Every structure is written in structure tokens, then in C-alpha cells.
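**Q** Mind the numbering: the sequence shown is residues 1 to 315 in full-length UniProt numbering, read in order.
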Amino acid sequence: MTTTSEMAQVSQPAASTVPPKATSRAIRSKNRIDPTYYWMVVPVLALFAFFITLPALVGVFFSLTNYAGYGDWKFIGLSNYVNIFKDPAILQSYIFTFVFALTTTVVVNIVALAIALGLNAKIKWRTGIRTVFFIPMVLSALVVSFVFNYLFSNTLPVLADRFGVTPLATSILANENLAWLAIVLVTVWQAAPGATIIYLAGLQSVPAEVYEAADLDGAGSFRQFLSLTLPLILGYLVINVILGFKGFLGTYEIIVGLTGGGPGMATQSVAMRIFSGFTGGDYSYQMANAVIYFLITLLISVIQLRLIQRRGVSL
């Protein structure tokens, strides 16, 4: 007669016959990275180090010298950095750059959202109209700035003089108080289509049932926009603001083509000041300026990433 202990022994599963060493070897083999990935990543890292990291380190080194871009040089420590904080021209370029970036970011997002709402509506020839709106995005910024330079300097003053609009009878590019507005206008004209695409993607992700329910509740179009559309596309708004502001901080071509930094130094951005170091004989001084600007933009990027993570937005 079979006892209870014997039945328990029979019912127990057989012990694994795989040796422990074989199991650990299999785990290591599974976790091992395919060497092919190294062959793909290492060349890219090498190119990045050679063309990006190495020049950056060289720039940091020369920012601690009095190197003019040619001739002899000597180590002067942090003198360039100290002088930058005392330089009113550098301060002016930082003020202009950040005011321009903030203003342009706000205007671009307002214009792009308005265009996206219009293009998302059920209108005739919607595809063709979208194509027309997106043309500025594919044009060269330098070419666009030269075209608008001609319009602001020649066409617009002639028309203003003919119709008696005295403030515009002279080129606004020659006005220290108005030249920056021309740069904002041209930048908005070219940057708005890119932001519009992102807003269109957000608007098309909103379920139609949401608006149908709002219609049944008697909510008007403006109320639907504030209570439904805007909260549902908030992530896309955050992306546009972050990418736009970061991009506008480095605006260079449009300023060069429109004003060249003038009149005087009224529209000279930080990027233009840094570039002048390659030809103006103050290479090390502008390298120090570039290092400071890099640290500022890095800090802004970290803050922006924290905001993205806090809101759960995925880029």
C-alpha cells in the first residue's frame, strides 16, 4: 500500500538537470551586445568627437588666452570672461537675442495655431491651401532675408510715400527702434509653417466625439477651443514653444540678410558677435563669449527637459 510520503515524492517535479554554470553562461550570452552595433556606433562617435567635441575643447582652451586668431598668444586665465561681463556691447547683444527669441516664439505660436485651426476646418481645396502655407518653410533663410530686405528698403517706402503713410516712407531697416520688428516679421513668416504642422498633428489627434458631445451641451466654438482643444493639444504647444525658443536663440542668417546687425549694433545677436571673432581679431574673447552662451543655453535646455518630463510630453 502506497504511503502518503511516497505519493508526495512521486508528485514532486523532477529537478532541473541544467548545470548552474550553463544557465549563467546562457544569461550572459543573451545580455551580450551584438558587435555589429559597435561597428555602427563607434564611427559616429569618432566623427562627433573629431568635428564637435575636439573643436569645442580647443575653443575653451583659447578662451583662456589672448589669441587673436593669428600670431603669438599667451595664457591670461579668466580675463576674457571678466571683461565680457563688463562689456556693454555684449550685454546689448544678449538683451536683443533674448527679447527677439521670446517675442518671436509668442508670435509664431499664435500665428501657427490660428493657421492650423483654419487648415483643420472642412474647407474647399484644403490640401492645396496647406501646400501654399508650407512653402516658406523649405526656402533658404538667407534668400528670404535678401528678398524682404529689398521689399523693406525699396518697394515698401515707395508705396508708403505714394499713399501718404509717412512713418513707412523710409526703410524700417534703418530705424534702430523698428529694425528688430522687421526681423521678427520675417522669422515668423518662415517659422510659422513648421509650428503649424505640429499643431495640425495635435488637432487631428482630438477625437471628433469630443466636439459632438460639446455641441450637444450647447458649447460655442470659442468655449470648445478654451475648454477642449487647448487642453488636449497642450503637449504640442509645449513642444513648439521649446523647439522654437531654442532655435530662435541661434538665429543668424535672417539678421545678416536683413540688417547685418545694424543700424549700429541695434540688431546684433550673440551668434553674430561670436562669429565676428573669426574675422575681427578678438578670437579668444569671442570664444569666451561662446562658452558663456553655451552654458546659458545648456541651462535653458535642462529646464525645458524638466518641464517636458513634468508634463509627460514625449518628443
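Backbone N, C-alpha and C define an ideal beta-carbon position, used for all residues, glycine too.
Being a predicted model, the structure only gives us computed values, none of them experimental.
#1: Go ahead and label Thr166 buried or exposed: buried means 16 or more other beta carbons lie within 10 angstroms of its beta carbon, across all protein chains shown.
#2: With a CB to CB cut of under 6 Å and the five nearest residues on each side skipped, what residues in its chain are close to Ile90?
#3: Ends of the alpha helix (DSSP H) at Trp39?
#4: Would you mind sorting Phe248 into buried or exposed? The rule is 16 or more other CB atoms within 10 Å of its CB.
#5: What is the rounded straight-line gap between the Cα of Ala112 and the Cα of Thr187?
#6: Could you check where the alpha helix (DSSP H) with Ser93 kicks off and where it finishes?
#7: Hey, which unbroken runs of the alpha helix (DSSP H) at 4 residues or more fall wholly within the segment 213 to 272?
#8: Give the range of the alpha helix (DSSP H) segment to which Ile135 is assigned.
#9: Please report the residue range of the alpha helix (DSSP H) in which Gly164 lies.
#10: Here's the rule I'm using: 16 or more other beta-carbon atoms within 10 Å means buried, otherwise exposed. How should Phe163 be labelled?
#11: Put Phe85 into one of helix, strand or coil per three-state DSSP.
#12: Measure how close the beta-carbons of Trp189 and Phe96 come, nearest whole angstrom, since I'm counting them as under 8 Å.
#13: State the DSSP-derived secondary structure class of Asn275, mapped to helix, strand or coil.
#14: Taking three-plus beta-carbon pairs below 8 Å as touching, is the segment 210 to 223 in contact with the segment 70 to 85?
#15: Just to confirm, is the Cβ distance from Ser153 to Leu139 under 9 Å?
#16: Between the C-alpha atoms of Phe61 and Tyr285, what's the straight-line distance to the nearest angstrom?
#17: So, is Ile110 buried or exposed, given that buried needs 16 or more other C-beta atoms within 10 angstroms?
#18: Could you pull out every residue in the same chain whose Cβ sits closer than 6 Å to the Cβ of Phe148, ignoring the five residues on either side in sequence?
#19: So is residue 344 buried or exposed if we call it buried at 16+ other beta carbons inside 10 Å?
#20: For Asp282, count neighbouring Cβ atoms within 10 angstroms of its own Cβ and tell me buried if that reaches 16, exposed if not.
#21: Can you pull the DSSP bridge partners for Thr65?
#22: DSSP three-state call for Ala284: helix, strand or coil?
#23: Using only CA atoms, which one of Val99, Gly128, Ala191 lies nearest to Val270?
#24: Should Tyr38 go down as buried or exposed, given a rule of 16 or more other Cβ atoms within 10 Å for buried?
#25: Name the residue from Phe275, Gly250, Arg306 whose alpha carbon lies nearest to the alpha carbon of Thr297.
#26: Please determine, among Ile52, Ser63, Val108, Asn66, the residue with the shortest C-alpha to C-alpha distance to Val238.
#27: When you compare each of Ile303, Ala288, Gln309 to Asp87 by their alpha carbons, which one comes out closest?
#28: Using only CA atoms, which one of Asn66, Pro263, Tyr252, Asp34 lies nearest to Lys178?
#29: Helix, strand or coil, according to DSSP, for Glu141 in the structure here?
#30: Measuring only the C-alpha atoms, how far is Ala182 from Ile300?
#31: What would DSSP say about Val184, mapped onto helix, strand or coil?
#32: Gln268 and Gly261 look like a contact to me (Cβ under 8 Å); what is the Cβ gap, rounded to whole Å?
#33: What does a CB cutoff of less than 6 Å around Ile274 pick up in its chain, not counting 5 residues either side in sequence?
**A** Looking at the atomic coordinates:
#1: One-based indexing of the sequence shown puts residue 166 at position 166. Residue burial is scored here from C-beta neighbours: Thr166 has fewer than 16 other C-beta atoms within 10 angstroms and is therefore classed as exposed.
#2: The sequence position of residue 90 within the sequence shown is 90, counting from 1. Taken in chain order, the residues that qualify are Ile84.
#3: Walking along the sequence shown from the start, residue 39 turns up at place 39. Taken as a continuous stretch (DSSP letters only), the alpha helix (DSSP H) holding Trp39 covers 35 to 48.
#4: Translated into the one-based positions of the sequence shown, residue 248 becomes position 248. Label assigned to Phe248: buried.
#5: For the purposes of this step, residue 112 is identified with residue 112 of the sequence shown, where counting begins at 1. For the purposes of this step, residue 187 is identified with residue 187 of the sequence shown, where counting begins at 1. One C-alpha to the other measures close to 12 Å.
#6: Mapped onto the sequence shown, residue 93 falls at position 93. Counting along the chain, the alpha helix (DSSP H) containing Ser93 begins and ends at 88 to 120.
#7: If we require 4 residues or more, the alpha helix (DSSP H) runs fully inside the segment 213 to 272 come out as 221 to 224, 234 to 249, 253 to 258.
#8: By 1-based counting over the sequence shown, the position of residue 135 is 135. DSSP places Ile135 in the uninterrupted alpha helix (DSSP H) bounded by 126 to 138.
#9: As a working mapping, residue 164 is identified with position 164 in the sequence shown. Looking at the DSSP string, Gly164 is not in any alpha helix (DSSP H), and its letter there is neither H nor E.
#10: By 1-based counting over the sequence shown, the position of residue 163 is 163. Phe163 is exposed by the Cβ-count criterion.
#11: In the sequence shown, residue 85 corresponds to position 85, counting from 1. DSSP places Phe85 in coil when its eight states are reduced to three.
#12: In the sequence shown, counting from the first residue as 1, residue 189 sits at position 189. In the sequence shown, counting from the first residue as 1, residue 96 sits at position 96. About 20 Å separates the Cβ atoms of Trp189 and Phe96, ruling out a contact at the 8 Å cut-off.
#13: For this step, residue 275 is matched to residue 275 along the sequence shown. In the sequence as displayed, the identity of residue 275 is Phe instead of Asn. Shown here, Phe275 sits in a helix according to DSSP, grouped into three states.
#14: In this structure the segment 210 to 223 does not lie against the segment 70 to 85, because fewer than three pairs of beta carbons, one per stretch, are closer than 8 Å.
#15: The residue labelled residue 153 in the question sits at position 153 within the sequence shown. The residue labelled residue 139 in the question sits at position 139 within the sequence shown. Between Ser153 and Leu139, the C-beta gap is not smaller than 9 Å, which leaves the two residues out of contact.
#16: Here the question's residue 61 lines up with position 61 in the sequence shown. Here the question's residue 285 lines up with position 285 in the sequence shown. The alpha-carbon atoms of Phe61 and Tyr285 are separated by roughly 11 Å.
#17: Indexing the sequence shown from 1 puts residue 110 at position 110. Counting of Cβ neighbours within 10 angstroms places Ile110 among the exposed residues, the total staying below 16.
#18: Position 148 of the sequence shown, counted from the start, is the residue given in the question as residue 148. The residues are Val186.
#19: Residue 344 falls outside the range modelled here, since the chain spans only 1 to 315, and no answer is possible.
#20: Taking the first residue of the sequence shown as 1, we reach residue 282 at position 282. Classification of Asp282: buried, given that the 10 Å Cβ count is 16 or more.
#21: Indexing the sequence shown from 1 puts residue 65 at position 65. Thr65 is bridged to Phe75.
#22: The sequence position of residue 284 within the sequence shown is 284, counting from 1. A quick correction: the sequence has Ser, not Ala, at residue 284. In this structure, Ser284 counts as helix in the three-state DSSP scheme.
#23: Looking up residue 270 in the sequence shown gives position 270. Considering only alpha carbons, the answer is Val99.
#24: For the purposes of this step, residue 38 is identified with residue 38 of the sequence shown, where counting begins at 1. Tyr38 is exposed by the Cβ-count criterion.
#25: Walking along the sequence shown from the start, residue 297 turns up at place 297. Cα-wise, what sits closest to Thr297 is Gly250.
#26: Start at 1 with the first residue of the sequence shown, and residue 238 comes out as number 238. Of the candidates Ile52, Ser63, Val108, Asn66, the one whose C-alpha sits nearest the C-alpha of Val238 is Val108.
#27: Mapped onto the sequence shown, residue 87 falls at position 87. Checked all of Ile303, Ala288, Gln309; the closest Cα to Asp87 is Ala288.
#28: Here residue 178 refers to the residue found at position 178 when the sequence shown is read from its first residue. It should be pointed out that residue 178 corresponds to Leu in this sequence rather than to Lys. With distances taken between Cα atoms, Leu178 lies closest to Pro263.
#29: For this step, residue 141 is matched to residue 141 along the sequence shown. In the sequence as presented, Glu is not what sits at residue 141; that position holds Ala. Secondary structure at Ala141: helix, using DSSP grouped into helix, strand and coil.
#30: Mapped onto the sequence shown, residue 182 falls at position 182. Mapped onto the sequence shown, residue 300 falls at position 300. Those two C-alpha atoms are separated by around 26 Å.
#31: By 1-based counting over the sequence shown, the position of residue 184 is 184. Three-state result, Val184: helix.
#32: What you label residue 268 is simply residue 268 of the sequence shown in a count that begins at 1. What you label residue 261 is simply residue 261 of the sequence shown in a count that begins at 1. Rounded to the nearest angstrom, the Cβ distance from Gln268 to Gly261 is 4 Å, consistent with a contact under 8 Å.
#33: Stepping through the sequence shown from its first residue, residue 274 is reached at position 274. Here the set comprises Gln286, Asn289, Ala290.
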